[in-house]
């Protein structure tokens, strides 16, 4: 009993970290298990005494209960009701334990993921958080509930065994020897169960990743005519995962059953030996056998629970692994500032990057190296360069999503690493090439969970972002449903909604990463007008391959291989023999008449 109880205790402590009263819950389950065992023992004695059997079995009961058959029957019914009540209380306690573990696991996963460094979030495959929160956490909850039920079962066995010893020490001792041999055999069988469970969990996780990936490439599968190939691959993975699951479940199902059958088979010669050595009344032996069989049944359930905990322990291991991976030494982004954190001052500030270098994990060269750049308050800075030059990495550093490996970012002379993250992110906004949309209305997507933005500001931002014509076409206006992940709006509308989202918060720093990629010429002109209307309060960084988007910028930074190779006004760069001049010629975009090319 010591090993199973140690396993249960370890599982309990790991899966109920969110409980403020785990000790009380364990004590309650232990008491309930003892009460259930005592009640079942008393019920067996009363049933045996009902036809008038061995009077010694009821010697501890009042004479009225043992001499009056009707009173004995009534007492048996009362004890049955009592045991049923204990079982209900035990089930409720175990269920609460599972629900509590589910809330703990999901809460910890969401908290750690949302507070994790941006690179750690980006490194996770699509659907991984969903798999952990919905799948792995549910398995942990089931395991916690089974652990709670097993605690009660273990104490139930202890009570039945102790009472059986009181009735017939010799017979019970022999049966305990049978249990010890059976437990040893079952324990050896358990050694392979965890390996089988690990293979089953790994195969299931790989299948989940493939299924999630398939949902994101359905158009490509059709266009390239490889739907059947993808189907075969998924079926092969599903078959492998199913086979591993079947092997694991077969071991889990057979081990307790065969252990119980082995115990029953060994019980027969043990009882024959007891009868040969000691004369026992049939009623006493019968009660002992019933108690032993009941204990074996409970032990079989306990063994099954231990096997299930072995399997679900792997799910708990995966959650622990991700929690460690997502742990950020800094406080959560949306949380309370760490002690000594500087506060952001409102209004566009002076941003300066000093010798900034960034290398992604596993990369063989830096994405940015030795970047020295200053953004003046209210400036429009365009960033251009070949694909892979480091433009998006530069945007991530300025936004605060990426921390430099070397160098630092200063905000009005203050190192940004010392600034309250929550305060900093309230000052910035971004529009990406593929804006994320939440399921809801256009207004909800513009507000984007920021409850403090009034409706008037939403409409003003929508008009500034060029959504006037769209609002006129939508009968519900801003309440038009955007659909699941923006499925009911076009790419251009999604881009304009994202721009309105950025403008609604009146940011001090606005970073646009390929904002015109889904816009036609008229929409791009509206975008340029919206940016021009921002005024000096907002500093704007624009990353673009379409050069027409950045010609209105005050300055342009040219990146190549992670280095900044040129910095100057559009006119200055157009008069040099560099990337910008060549790209300008290839794009056949004419400089505005207001810009004079420098020699």
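Residue numbers (our numbering): -15 to 583.
All C-beta atoms, glycine included, are put in the ideal place defined by N, C-alpha and C.
If you follow the beta strand (DSSP E) that residue i is in, where does it begin and where does it stop?
| i | result |
| --- | --- |
| residue 523 | 523 to 527 |
| residue 493 | 493 to 497 |
| residue 366 | 364 to 369 |
| residue 550 | 547 to 552 |
| residue 466 | 465 to 467 |
Would you say residue i and residue j are within 7 Å of each other, going by their C-beta atoms?
| i | j | result |
| --- | --- | --- |
| residue 465 | residue 457 | no |
| residue 646 | residue 82 | Residue 646 falls outside the range modelled here, since the chain spans only -15 to 583, and no answer is possible. |
| residue 196 | residue 111 | yes |
| residue 475 | residue 421 | no |
| residue 397 | residue 338 | no |
| residue 87 | residue 296 | no |
| residue 342 | residue 404 | no |
| residue 25 | residue 149 | no |
| residue 21 | residue 144 | yes |
| residue 435 | residue 491 | no |
| residue 180 | residue 232 | yes |
| residue 510 | residue 450 | yes |
| residue 102 | residue 383 | no |
| residue 298 | residue 182 | yes |
| residue 16 | residue 70 | yes |
List the endpoints of the continuous alpha helix (DSSP H) containing residue i.
| i | result |
| --- | --- |
| residue 135 | 121 to 151 |
| residue 72 | 53 to 99 |
| residue 443 | 439 to 448 |
| residue 380 | 375 to 383 |
| residue 430 | 426 to 431 |
| residue 107 | 102 to 107 |
| residue 457 | 452 to 457 |
Short of 8 Å in beta carbon distance, which residues of its chain neighbour residue i, apart from the five on each side in sequence? Order them along the chain.
| i | result |
| --- | --- |
| residue 303 | 89, 92, 93, 116, 120, 121, 124 |
| residue 567 | 368, 531 |
| residue 512 | 533, 536 |
| residue 399 | 392, 393 |
| residue 463 | 425, 426, 427 |
Mapping DSSP to helix, strand and coil, what is residue i?
| i | result |
| --- | --- |
| residue 391 | strand |
| residue 313 | With a pLDDT of 47 at residue 313, under the threshold of 50, the modelled position of that residue is not reliable, and the figure given next carries that caveat. Here residue 313 sits in coil by DSSP. |
| residue 112 | helix |
| residue 480 | helix |
| residue 321 | Summary for residue 321: the model assigns pLDDT 44, below 50, so the residue's position carries little reliability, and this model does not support an answer. |
| residue 411 | coil |
| residue 29 | helix |
| residue 565 | helix |
| residue 342 | strand |
| residue 253 | helix |
| residue 541 | strand |
| residue 210 | coil |
| residue 586 | No answer is possible for residue 586: it lies beyond the span of the chain, which begins at -15 and ends at 583. |
| residue 530 | coil |
| residue 473 | coil |
| residue 421 | coil |
| residue 303 | helix |
| residue 336 | strand |
| residue 245 | helix |
| residue 404 | coil |
Going along the chain, which residues of its own chain have a beta-carbon closer than 7 Å to the beta-carbon of residue i, five neighbours each way excluded?
| i | result |
| --- | --- |
| residue 441 | 488 |
| residue 468 | 423 |
| residue 333 | 361, 395, 396, 492 |
Check the C-beta distance from residue i over to residue j and give it rounded, since I have them as a contact under 8 Å.
| i | j | result |
| --- | --- | --- |
| residue 543 | residue 369 | 4 Å |
| residue 18 | residue 59 | Contact doesn't hold; Cβ gap of about 20 Å is too wide. |
| residue 78 | residue 132 | 4 Å |
| residue 364 | residue 538 | 5 Å |
| residue 455 | residue 448 | So it is not a contact: roughly 12 Å between Cβ atoms. |
| residue 381 | residue 335 | Contact doesn't hold; Cβ gap of about 10 Å is too wide. |
| residue 188 | residue 227 | With 8 Å as the limit, residue 188 and residue 227 do not qualify as a contact, their Cβ atoms being about 11 Å apart. |
| residue 518 | residue 495 | Rounded, the Cβ-Cβ distance is 13 Å, inconsistent with contact. |
| residue 355 | residue 426 | The pair is not a contact, with the Cβ atoms about 37 Å apart (cut-off 8 Å). |
| residue 218 | residue 211 | So it is not a contact: roughly 11 Å between Cβ atoms. |
Among residues of its own chain, excluding the 5 on either side of residue i, which ones have a beta-carbon nearer than 6 Å to its beta-carbon?
| i | result |
| --- | --- |
| residue 529 | none |
| residue 416 | 497 |
| residue 563 | 542 |
| residue 546 | 350, 351, 352, 353, 374 |
| residue 229 | 184 |
Shorter than 6 Å, the distance from the beta carbon of residue i to the closest heavy atom of the ligand SAM, or not?
| i | result |
| --- | --- |
| residue 532 | With respect to small molecules bound, the structure shown includes none, and the ligand SAM cannot be examined in it. |
Counting only beta-carbon atoms, is residue i nearer than 7 Å to chain B?
| i | result |
| --- | --- |
| residue 414 | The structure shown contains no chain B; it holds only a single protein chain. |
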